[in-house]
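Counting from 1 along the sequence shown, just add 189 to a position and that's the residue number in my numbering.
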Amino acid sequence: MLTELNGFMRQPYKRLLRDQELWSMVRQAGPALKRLALDFELKITETGLHALLHFGCVNIRHLDIRANGNICTSTINAIIAQAGLHLETVVLVAVGVGNAVVKQLLLHAPGLKNLDLSYSLDLTFDAFPPIDGTEHDQQITYDDATKWESDIVWDSDSLGLVRHPGNPNGQIALPKLEELQLRQCCEIDDTAVSRIVSIFGGSLRSLDVRKTHNVDFISNANVFDVDQLAQGLRGLLRINILECELLSDRALASLAIFCPKLEAADISKCSRFSDMGVVELVQSCRGLKYLDISRLAVTDNSLTVIGNTQRELEVLLMSGCPRITSAGVMAVMEGSDGLGCQFTLRRLAFNDCANVDKDTYEWCKRRLNPDAQLAQV
190 MLTELNGFMR QPYKRLLRDQ ELWSMVRQAG PALKRLALDF ELKITETGLH
240 ALLHFGCVNI RHLDIRANGN ICTSTINAII AQAGLHLETV VLVAVGVGNA
290 VVKQLLLHAP GLKNLDLSYS LDLTFDAFPP IDGTEHDQQI TYDDATKWES
340 DIVWDSDSLG LVRHPGNPNG QIALPKLEEL QLRQCCEIDD TAVSRIVSIF
390 GGSLRSLDVR KTHNVDFISN ANVFDVDQLA QGLRGLLRIN ILECELLSDR
440 ALASLAIFCP KLEAADISKC SRFSDMGVVE LVQSCRGLKY LDISRLAVTD
490 NSLTVIGNTQ RELEVLLMSG CPRITSAGVM AVMEGSDGLG CQFTLRRLAF
540 NDCANVDKDT YEWCKRRLNP DAQLAQV
């Protein structure tokens, strides 16, 4: 019985899937369909997706639609309302998702664990409820606790039905998200992040807000302090804040204090980060397996601390760091005790670093495992 439709797994250069073909495949799968993935299927429209509604695909657990501007919000909302009880992973990347779709997901998909809304240019803080209920005071239209109108407004009435720490008797349980990706969602700001942390902080294990240029955690007096935000993410394992240029060393210091379980951190291209923040982070988070500090104004001081503290590091990327030298790279490899990171690293990059010479590349190559990847200088 057909349970998975993976458009993106077809052979390269094969023609794109069409609505009629999707209808045929969905008809064959019917309610048994558990996974639908449509990646760059540019000829699929909302007509094709209506097959999911027509053939009663209520058991979908994984819904993945990428780079498709032919699908309207109402169709996605209808699919969510029908299959929401079973949805665990939803990927809606570059499909014009707005706040209404996210609200539908939060209210109809209690088992949702992984959510990717990257490149949703219209997504704002209002997609996520303010659990204290103080930011909005408008009316909402709803039929009952589980059937909502498409234009949901977070007000005292709607939030009174949502179960959260401040309202443990609410009828609607919000999902316990474990992974949230919001990369390059240009309207996401501090208010959005504070709401996300308030709602999902206890369950969130991975947060990706790369290239969200409005996030600084500090300047807006109406949202949580950066320490409060980090404190709400104590279970976080992976964070990506690449090119979040408003963040400062204070953000790294807070992550160091409250998120010591971090295993992966991409903090590259953040112009305000320095040795101070990086050193605090690596001294506290000693279980890092992945660290990207590319294009930071760090010096050999940071690299020395990395070599002395990280014994599980598998990937270290530090390309384009103009102030590091060959001595710093050697300190990463050997540490002060001769161990360093050389025995665990599977990938190392320090290309485009003006003060690191080609001899250092050969020196590292001789010490790394034979299957390790080393970027050319």
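Backbone N, C-alpha and C fix where the C-beta goes; we use that ideal spot for every residue, glycine too.
Based on the DSSP secondary-structure assignment, which residues constitute the bridge partners of residue i?
i, result
"histidine 251", "Arg224 and Thr278"
"alanine 454", "Ile428 and Leu480"
"leucine 304", "Val279 and Leu369"
"valine 351", "Ile361"
"leucine 396", "Leu369 and Ile428"
"leucine 537", "Leu505 and Leu563"
"asparagine 403", "Asp378"
"asparagine 167", "For the chain, the structure presents residues 190 to 566; residue 167 sits outside this window and is missing."
"asparagine 544", "Thr514"
What is the C-beta distance between residue i and residue j, in whole angstroms, given that I count them as a contact (C-beta under 8 Å)?
i, j, result
"valine 279", "leucine 241", "That pair is no contact at about 13 Å."
"serine 307", "valine 291", "So it is not a contact: roughly 13 Å between Cβ atoms."
"glycine 496", "glycine 527", "Rounded, the Cβ-Cβ distance is 10 Å, inconsistent with contact."
"aspartate 253", "threonine 236", "Actually they are not in contact, since the Cβ atoms of aspartate 253 and threonine 236 sit about 19 Å apart, beyond 8 Å."
"leucine 422", "cysteine 459", "Not confirmed; about 18 Å, so no contact."
"valine 487", "cysteine 433", "Actually they are not in contact, since the Cβ atoms of valine 487 and cysteine 433 sit about 16 Å apart, beyond 8 Å."
Nearest to residue i by CA position, among the options, is which residue?
i, options, result
"serine 491", "Asp464, Thr498, Ser473 and Ile265", "Asp464"
"valine 471", "Pro449, Ser457, Asp489 and Cys459", "Pro449"
"glutamate 376", "Gly421, Asn288, Ala272 and Cys261", "Asn288"
"phenylalanine 532", "Asp560, Leu436 and Ser515", "Asp560"
"valine 284", "Ala270, Val487, Leu274 and Thr262", "Thr262"
"leucine 425", "Ala442, Val386, Cys459 and Leu431", "Val386"
"leucine 537", "Gln565, Gly258 and Ile513", "Gln565"
"leucine 231", "Gly245, Gln370 and Leu205", "Leu205"
"glutamine 417", "Asp397, His402 and Arg439", "Arg439"
"tryptophan 212", "Val398, Ile233, Asp228 and Arg224", "Ile233"
"leucine 393", "Glu367, Arg372, Val415 and Ala381", "Glu367"
"phenylalanine 539", "Asp546, Leu369, Met507 and Leu477", "Met507"
"cysteine 553", "Asp541, Cys246 and Ala520", "Ala520"
"valine 415", "Asn429, Ala442 and His402", "Ala442"
"aspartate 346", "Pro318, Gln373 and Gln370", "Pro318"
"alanine 267", "His251, Leu294, Gly258 and Asn257", "Leu294"
"lysine 400", "Pro220, Ala419, Asn429 and Gln420", "Asn429"
"alanine 543", "Ser515, Gly258 and Val467", "Ser515"
"valine 382", "Ala419, Val468 and Leu350", "Ala419"
"arginine 535", "Arg512, Met522, Asp315 and Asp378", "Met522"
What is the residue span of the alpha helix (DSSP H) that residue i lies within?
i, result
"aspartate 416", "415-420"
"leucine 242", "235-243"
"alanine 564", "Here alanine 564 belongs to no alpha helix (DSSP H), and DSSP marks it neither H nor E."
"asparagine 497", "489-498"
"valine 518", "515-523"
"valine 504", "Segment 504-506 is the beta strand (DSSP E) holding valine 504; no alpha helix (DSSP H) there."
"tryptophan 343", "Neither: tryptophan 343 is in no alpha helix (DSSP H) and is coded neither H nor E."
"glutamine 217", "208-218"
"phenylalanine 447", "438-447"
"alanine 267", "262-272"
"lysine 554", "547-556"
"glutamine 472", "464-473"
What are the start and end residues of the beta strand (DSSP E) that includes residue i?
i, result
"asparagine 429", "427-429"
"aspartate 379", "Element bounds for aspartate 379: not the beta strand (DSSP E) but the alpha helix (DSSP H), 379-389."
Going by the C-beta, is residue i closer than 6 Å to any heavy atom of the ligand GTP?
i, result
"asparagine 358", "As presented, the structure is devoid of all ligands, the ligand GTP included, so that no description of it is given."
Assess contact between the segment 299-306 and the segment 363-374, defined as three or more Cβ pairs (one per stretch) separated by less than 8 Å. Is contact present? Taking 8 Å as the limit for Cβ pairs, the verdict is that the segment 363-374 does touch the segment 299-306.
Touching or not, the segment 476-483 and the segment 447-462, by the rule of three or more beta carbon pairs under 8 Å? Taking a cut-off of 8 Å for Cβ pairs, the segment 476-483 and the segment 447-462 touch, as three or more such pairs fall below it.
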